[in-house]
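Q:
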C-alpha cells in the first residue's frame, strides 16, 4: 500500500513546524517553505508524509492582510506600479505593505482607529496617514487610481459612495467582502461565523448589485485564499469606476462560493 499524501499546509502543522494551518498557508504563499530543496507556494499541493520540509520564518508582510491582498492580485492582476492608492480600513497596514512592495506611488491609509498602523508603514514617505477618519465622510485632495478596502462592523454598502467619490474615472477598487458583516444578525451563527453557502451567495449577489447601483462596475470576483481571523470565508470583488450594466451572474457567484467551500471548509 502506497504512502498517503496530504496537503502541504496540513503536513506543516502535523510535523510541528507551525502552530496553525493559517500560518502555514501564509508562509507557503510567501515562498518561505522549502520541500525537498525546492520552494513550493501552493498550500494545497499534495505530498508524501515523509518529505523533507524546511521553513524560513521571516514574514513577508506586517500582517496577514498582505497575504490576502496578494492572493487577490494573483487572481485579478490589477495595476499597482506608479499608481496613487487609498487603503480604507488600513488597520496594521497589510494591504498597504503589499502595495508598497509592488511599486505604488502613494497610499492614503484611512482608519477610524488610532495607533494600529505598523511603524514600518507609518514611517514610509509614500504613506499619508489618515487616522480617526470615518470612511463614510472621506474626501481627498486628489482622486486616486486604486482603492483597496477591508472594513469590519460596517457594510460595504455604506462605503461604496465614498469609493465612487474618491476614484478616478476608470479607476479600480478591490474590496474584501465579509459576509458576517453583510448578512442580517439572524443569518450569522455562533462565534460570528456564516455557515451557509446560500447566505454567502445571497450576500455576494446583493453587494454586487448595490455596487452597480452606486455607479461601480463589478468586473471580477474570487474567494480569499485565507480565511478571516474568526474562521469566516471571505471574498474579493474588483470594481471599476465606470457606468455599465454587467452584473456578475448568480451562476458564477455560486460556482465561486462552492469552490471556496470545497477548498477552505
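Residue numbers (this note's numbering): 7 to 271. Heads up, the beta-carbon is just placed ideally off N, CA and C, and yes, glycines get one too. Just so it is clear, the structure is predicted and the values come from calculations on it, not from any experiment.
#1: At a cut of 8 Å, does the stretch 149 to 158 reach the stretch 87 to 101 through at least three beta carbon pairs?
#2: So the alpha helix (DSSP H) residue 33 belongs to, where does it begin and stop?
#3: Report the three-state DSSP secondary structure of residue 184 (helix, strand or coil).
#4: Taking DSSP as the reference, what is the three-state secondary structure of residue 131?
#5: Between 229, 214, 228, which lies nearest to residue 222 when the distance is taken from Cα to Cα?
#6: Counting only runs that start and end within the stretch 71 to 138, where is the beta strand (DSSP E) found for 3 or more residues in a row?
#7: To the nearest angstrom, how far is the alpha carbon of residue 7 from that of residue 16?
#8: Enumerate, from N- to C-terminal direction, the unbroken alpha helix (DSSP H) stretches of 4 or more residues contained entirely within the stretch 146 to 178.
#9: Please state the DSSP three-state secondary structure of residue 7.
#10: From 185, 98, 238, pick the residue whose C-alpha is nearest to that of residue 125; which is it?
#11: Throw me the rounded Cβ distance for the residue 259 and residue 207 pair, which I believe falls under 8 Å.
#12: Going by DSSP, what residue range makes up the beta strand (DSSP E) through residue 54?
A: In short, the structure shows the following:
#1: Taking a contact to require three or more Cβ pairs closer than 8 Å, the stretch 149 to 158 and the stretch 87 to 101 qualify as touching.
#2: Start and end: 27 to 35.
#3: Here residue 184 sits in coil by DSSP.
#4: Here residue 131 sits in coil by DSSP.
#5: It is 214.
#6: If we require 3 residues or more, the beta strand (DSSP E) runs fully inside the stretch 71 to 138 come out as 90 to 94, 112 to 116, 133 to 136.
#7: Residue placement at residue 7 cannot be trusted, given a pLDDT of 49 that sits under 50; what the coordinates show is reported in the next sentence. Looking at the two C-alpha atoms, the distance is approximately 21 Å.
#8: If you keep only unbroken alpha helix (DSSP H) runs of at least 4 residues inside the stretch 146 to 178, you get 166 to 172.
#9: Confidence is the limiting factor: at residue 7 the pLDDT is only 49, short of 50, which leaves the residue's position unreliable, though a coordinate-based value still follows. Coil.
#10: Residue 98 holds the alpha-carbon nearest to the alpha-carbon of residue 125 among 185, 98, 238.
#11: Rounded, the Cβ-Cβ distance is 5 Å, consistent with contact.
#12: First-last of the beta strand (DSSP E) with residue 54: 52 to 54.
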